[in-house]
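Here the sequence shown stands for residues 3 to 220, numbered as in this note's numbering. By construction, the Cβ of each residue, glycine as well, lies at the ideal position given by its N, Cα and C atoms. Every value quoted in this text rests on a predicted model; they were computed, and no experiment measured them. Worksheet: one structure, shown below.
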Amino acid sequence: TVLIPLISFSGLAAGGSKLPETAPCAVCTANGNTLEMPAKARSRYQGEIFYFCTVACKDQFDKDPLSMILGPLPRPMPKFTAETLNGKKISLKSKKYKGQIILIDFWATWCLPCLETMPELERIQQKYKKGRNVTVLGISLDSGAEARQKIQKVIQEKKISYPVWQDTKKPSAFETFKFKSVPTLFLIDQKRQIVAQWVGKADHKAIEKQIQVLLNKK
């Protein structure tokens, strides 16, 4: 997992060996309360420190930290707009993706785990493309004048056939999905609900298992 530089999750991450006097509670923030409160406990997750207003909040976080950071499952996919590598504005409202299961991979060209994951995602795309029920979608967080050139180079080197978009519109998909590191993957069902999520280099077998669950639903 590669932490995205200069960006933290809602100001919750911090270092140091002592509890601060006050801090946003990770669990309360996930429930919509971002106010700072007296810090009573903390937990480390994926190299970052999260603070809590009660030990009960810490225990809740420790049981399923990913759901506290990204959100509970299932939940509606947030609305977002991106750009194709040709500069065309696009979203999943397109008729092309109606009724499809979509695996969204947020990645960046400077993220080694992202690049290592891409061949596995391509295999998933190839396996399910005949039925046209499953689409892998890459969304790059690269920015800058040479971003598209770098993205195209990776696509060619990794022989990627699935669509790749660039996260350039406001509000960004990065902001709306509320993740804090790449690679992060979201599995979206036919009703546009997020039904599974992975942070870091995910096991493609675990991803396929979740896809099969959706395909087997009547």
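- Nearest to I196 by alpha-carbon distance, out of P165, L123, D107 and A43, is D107.
- Sixteen is the threshold: since fewer than 16 other Cβ atoms of the shown chains lie within 10 Å of the Cβ of L114, the residue is exposed.
- Counting C-beta pairs closer than 8 Å gives fewer than three between the region 195–212 and the region 85–100, which falls short of the contact rule.
- For the options T178, G202 and I190, the alpha carbon positioned closest to that of K81 is the one of T178.
- Assignment of beta-bridge partners to R125 by DSSP yields no partner.
- When Cβ pairs closer than 8 Å are counted between the two stretches, the region 158–174 is seen to touch the region 124–142, the count reaching three or more.
- The region 112–165 is shown to contain whole alpha helix (DSSP H) runs of 4 or more residues at 114–130 and 149–160, in chain order.
- In this structure, the beta-carbon distance from K20 to A43 does not fall below 7 Å.
- Close CB contacts of S145 within its chain, under the 6 Å cut and outside five residues either way in sequence, are absent.
- DSSP, reduced to helix, strand and coil, places D107 within a strand of the structure shown.
- DSSP assignment within the region 49–106 yields the following whole beta strand (DSSP E) runs of 3 residues or more, N-terminal first: 50–54 and 84–86.
- In the DSSP assignment, A32 falls within the alpha helix (DSSP H) that extends over A28 to A32.
- In the three-state reduction of the DSSP assignment, A43 falls in the strand class.
- It is roughly 13 Å from the alpha-carbon of R46 to the alpha-carbon of D66.
- In the three-state DSSP reduction, E38 falls in the strand class (E or B).
- Rounded to whole angstroms, the separation of the alpha carbons of I104 and A208 is 15 Å.
- For A110, the closest of R194, V184 and D205 by C-alpha to C-alpha distance is V184.
- Shown here, L21 sits in coil according to DSSP, grouped into three states, outside any helix or strand.
- In the structure shown, Q192 adopts coil according to DSSP, grouped into three states.
- Contact annotation, V166 with I153: C-beta distance approximately 6 Å; criterion of less than 8 Å satisfied.
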